[in-house]
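Here the sequence shown stands for residues 83 to 299, where the numbers follow the numbering used here.
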Amino acid sequence: MGRLSRVRWCLLGCLIGVLVFIGASVFLPGRLTNAVKRVANNDYACKARALTEQEAIEEPTLVEMVIETVGISEVDPHPIVVLKEKAGERYLIISIGFAEANAIAVITEGVSVPRPLTSDLLFSIMNRLGASAKSIIINDIQNHTFYANIVLNVNWTEMKIDSRPSDAIGIAVRAKVPIYVEEAVLDKAGIKPDQDTDGYILMPVETDRPGVSLRAP
Numbered sequence: 083m084g085r086l087s088r089v090r091w092c093l094l095g096c097l098i099g100v101l102v103f104i105g106a107s108v109f110l111p112g113r114l115t116n117a118v119k120r121v122a123n124n125d126y127a128c129k130a131r132a133l134t135e136q137e138a139i140e141e142p143t144l145v146e147m148v149i150e151t152v153g154i155s156e157v158d159p160h161p162i163v164v165l166k167e168k169a170g171e172r173y174l175i176i177s178i179g180f181a182e183a184n185a186i187a188v189i190t191e192g193v194s195v196p197r198p199l200t201s202d203l204l205f206s207i208m209n210r211l212g213a214s215a216k217s218i219i220i221n222d223i224q225n226h227t228f229y230a231n232i233v234l235n236v237n238w239t240e241m242k243i244d245s246r247p248s249d250a251i252g253i254a255v256r257a258k259v260p261i262y263v264e265e266a267v268l269d270k271a272g273i274k275p276d277q278d279t280d281g282y283i284l285m286p287v288e289t290d291r292p293g294v295s296l297r298a299p
């Protein structure tokens with residue numbers, strides 16, 4: 083092979099080397115970037131899955147309740163709403179105001195009122211703004227005071243609004259949505275019929291229904 087041929091082969095080899103280098107510069111970074119993206123996506127998916135599992139573990143147990151009665155204790159001259167465990171025998175007794183007791187009782191007793199009550203107004207505003215109640219949750223008790231959330235659906239997004247239980251129940255009876263109590267709250271403040279409940283004999287709020295006692299027969 084002549085010197086000219088060797089030079090040509092050397093030039094061809096150099097050209098091939100340059101092309102390989104250019105190709106690597108163009109394509110390998112893209113592949114590396116894709117690989118990095120896949121690793122990042124997998125890491126994000128793992129973290130999201132772990133967070134979801136953690137939230138599922140920490141999600142409190144909710145117990146559905148129904149309104150047993152609304153009335154005034156013969157011992158304590160304050161209105162009380164009595165909630166009963168829907169699938170059990172535990173009760174939750176919550177002291178409320180006279181106006182709130184009346185707002186609940188007019189719905190449970192089917193009493194018509196000439197003008198909207200505060201709960202009626204709040205319910206109407208919710209509906210006009212496109213929000214709908216999904217449920218209410220009594221989620222805490224501190225210093226003998228109960229706390230609650232009204233769970234709303236607003237533009238397909240769930241939203242929780244802090245509320246007094248009495249106001250939340252007033253919305254629940256109008257929206258016909260479930261009333262829930264967190265298990266921890268019911269364990270702490272709930273009572274059973276066989277407990278001493280003499281202080282919770284109730285007189286109804288402005289109705290003709292007889293008083294209700296939680297004493298076991």
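Beta carbons: idealized from backbone N, C-alpha and C, even for Gly.
Legend entry - Inter-residue CB distance, Ser245 and Ile232 (contact presumed, cutoff 8 Å): 5 Å
Legend entry - Three-state secondary structure (DSSP) of Asp158: coil
Inset, instruction - Tell me whether Glu167 sits in a helix, a strand or coil according to DSSP, three-state version. - result: strand
Inset, instruction - Please confirm whether Glu191 and Lys168 have their CB atoms less than 8 Å apart. - result: no
Inset, instruction - Please name the residue in Ile251, Asn209, Ile176 whose C-alpha comes closest to that of Ile189. - result: Ile251
Legend entry - Best match in Arg210, Glu240, Ile176, Glu182 for proximity to Asp158 [C-alpha to C-alpha]: Ile176
Legend entry - Straight-line Cα distance separating Ala181 from Val236: 28 Å
Legend entry - Beta-bridge pairing of Ile243 - partner residues as DSSP gives them: Ile232
Legend entry - Range covered by the beta strand (DSSP E) that runs through Val188: Segment 180-190 is the alpha helix (DSSP H) holding Val188; no beta strand (DSSP E) there.
Legend entry - Neighbourhood of Ile223 by C-beta distance below 8 Å, restricted to the same chain and skipping five residues each side: Tyr229, Val267, Lys270, Ala271
Inset, instruction - Report buried or exposed for Pro247, applying the criterion of at least 16 other Cβ atoms within 10 angstroms of its Cβ. - result: buried
Inset, instruction - Could you tell me the distance, in whole angstroms, from the CA atom of Ile273 to the CA atom of His160? - result: 19 Å
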